[in-house]
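Colleague:
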Amino acid sequence: MLTRSILFASVFLICDSFLEASALLWDQTEVRIEMEPDQEEARATFKVTNKGEKVVRIARVTSNCGCTGAILNKKIIPPGESTEIVATFNKGKRQGLNRNRLQVYLDSQADAVATLKMNVEIPTLIEALPQIVYWSPESSKTSRPVRLVMDERYIDQILLVDYDRSWLTVIQEPGDPKKNEAVVLSVEPKDFSKLYRGTITVYGGGPDGRKAETRVHAFVQP
């Protein structure tokens, strides 16, 4: 009899929790944001309304990355009222597309009742493809091409390609506009018989004095 009572109580709690979760109406659960180059933080607001007949309490909001946090307007949502969760993203040194998730938990549920997605695009002002060039005894002793791709909204010219000229030969060639290439670097070591580890630094410039840089790592394994 006791076991049956516990079972009924568990079923009741599960049903009650389900009703609480289904009573929550979100204005959106996914956003996409494109940051400006000088922007350090992005924010997105998710509004949730309690359409049910019982008070709902948000216990916590967790994130999948230390770069993402949440500001909760209020935890307790009476019937008919709303609250907002403000998701914050700190750029740091990240580039490209960052997919971040926030999970929302209620007091009465072990599982998340909602997953809020915050997709943040950080412009890559100059990108080197590939970022590493490598020579080994088994590889061909020829030059390696490195494509330089610029985001022309912010960077429109290569100002300088800096490298150790005593070890490397680097030739700049025009890129293919159809591939959005600004320049193609042809990189070759002057001596394949000596161990070498070095860096090629590319500096670019754009409107209003904007500057950016990228690096290519070169390795020779004799």
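Start counting the sequence shown at 72; every next residue gets the next number (our numbering).
For glycine and all other residues, C-beta sits at the position ideal for the given N, C-alpha and C.
1. If you compare alpha carbons, which of L266, N169, K249 and V241 is closest to V258?
2. For S93, name the three-state secondary structure that DSSP assigns.
3. Counting beta carbon pairs with one atom in the stretch 197–213 and one in the stretch 131–151, are three or more of them shorter than 8 Å?
4. Between I193 and Q180, what straight-line distance do the alpha-carbon atoms span, to the nearest angstrom?
5. Which runs of the beta strand (DSSP E) fall wholly inside the stretch 219–278 and span at least 3 residues, in chain order?
6. Going by C-alpha distance, which of I271, E155 and V220 is nearest A253?
7. Looking at the unbroken beta strand (DSSP E) that takes in K188, where does it start and where does it end?
8. If we ignore side chains and look at the alpha-carbon of each, how far apart do T272 and A130 end up?
9. Going by beta carbon distance, what residues of the same chain come within less than 6 Å of R218, once the five residues before and after it are set aside?
Modeller: Taking the coordinates as given:
1. V241
2. helix
3. They do not touch, by the three-pair rule.
4. About 35 Å.
5. Fully enclosed beta strand (DSSP E) runs of 3 or longer: 228–233, 239–245, 252–260 and 267–276.
6. V220
7. A185 to I193
8. Rounded to the nearest angstrom, the two C-alpha atoms are 48 Å apart.
9. L200, E252 and V255
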